[in-house]
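Participant: In the working numbering, each number is its position in the sequence shown, counted from 1, plus 18. Even glycine gets a Cβ: it sits at the ideal position worked out from N, Cα and C. Keep in mind that this is a model prediction, so the values were computed, not measured.
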Amino acid sequence: MEKRSNKYYLTLSLKEYANGKTAPAKELGIEFENHDEIFSIIEKMNAKNLFESESEATQFALGLKLFGEIKLKHRNNPLFDEMNEVFPVFMKKLKSL
Numbered sequence: 019m020e021k022r023s024n025k026y027y028l029t030l031s032l033k034e035y036a037n038g039k040t041a042p043a044k045e046l047g048i049e050f051e052n053h054d055e056i057f058s059i060i061e062k063m064n065a066k067n068l069f070e071s072e073s074e075a076t077q078f079a080l081g082l083k084l085f086g087e088i089k090l091k092h093r094n095n096p097l098f099d100e101m102n103e104v105f106p107v108f109m110k111k112l113k114s115l
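1) Closest to H47 by CA distance: which of K39, T29, T40 and E55 is it?
2) Rank N67, I59 and S71 by C-alpha distance to the C-alpha of G86 and give the top, closest one.
3) Just to confirm, are E49 and S31 a CB contact at a threshold of 9 Å?
4) Rounded to whole angstroms, how far is the Cβ of L68 from the Cβ of A79, which I believe are closer than 8 Å?
5) When DSSP labels each residue in this structure, what does S23 get in the three-state scheme?
6) Skipping 5 residues on each side, what residues in its chain have a beta carbon closer than 6 Å to that of K25?
7) Applying the criterion that 16 or more other CB atoms from any shown protein chain within 10 Å of the CB defines a buried residue, is M109 buried or exposed?
8) What is the residue span of the beta strand (DSSP E) that G47 lies within?
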């Protein structure tokens, strides 16, 4: 039986360049799947108060979930050899906080 995943659509918009200009506008939209319900993960990260703001906690949770899912799908890729050793330890530590 195939494992079911949650389906998401993420939009990333560049609002302002480092030099203060707002043009040219850039936007990227991607569809992806994740085995976790990411919104609940974001809520849990915000509740942990590990960072200076909820925005940082949300950025961390979203980045971690996006990275983690790709790493999981491609665990046999040599690129992830070192990460396969330390990532489970990191995740256990994070979940224990």
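Facilitator: Reading from the atomic positions:
1) On the sequence shown, residue 47 is found 29 positions in, with the first residue counted as 1. Reading off the sequence, residue 47 comes out as Gly, not His. Checked all of K39, T29, T40 and E55; the closest Cα to G47 is T29.
2) Position 68 of the sequence shown, counted from the start, is the residue given in the question as residue 86. Nearest option by C-alpha distance: I59.
3) On the sequence shown, residue 49 is found 31 positions in, with the first residue counted as 1. On the sequence shown, residue 31 is found 13 positions in, with the first residue counted as 1. Pairing E49 with S31 gives a Cβ-Cβ distance that is not under 9 Å.
4) Reading the sequence shown from its first residue, position 50 is the one you call residue 68. Reading the sequence shown from its first residue, position 61 is the one you call residue 79. Going by Cβ atoms, the distance from L68 to A79 rounds to 10 Å, so no, they are not a contact pair.
5) On the sequence shown, position 5 is the one that residue 23 refers to. The three-state reading of DSSP puts S23 in coil, since its state is none of H, G, I, E or B.
6) Within the sequence shown, the letter at position 7 stands for residue 25. Excluding positions up to five away in sequence, the list reads E51.
7) Taking the sequence shown and counting its residues from 1, the one referred to as residue 109 is at position 91. An exposed status is given to M109, since fewer than 16 other beta-carbon atoms sit within 10 Å of its beta-carbon.
8) Along the sequence shown, one-based indexing puts residue 47 at 29. K44 to N52 is the span of the beta strand (DSSP E), which, as asked, contains G47.
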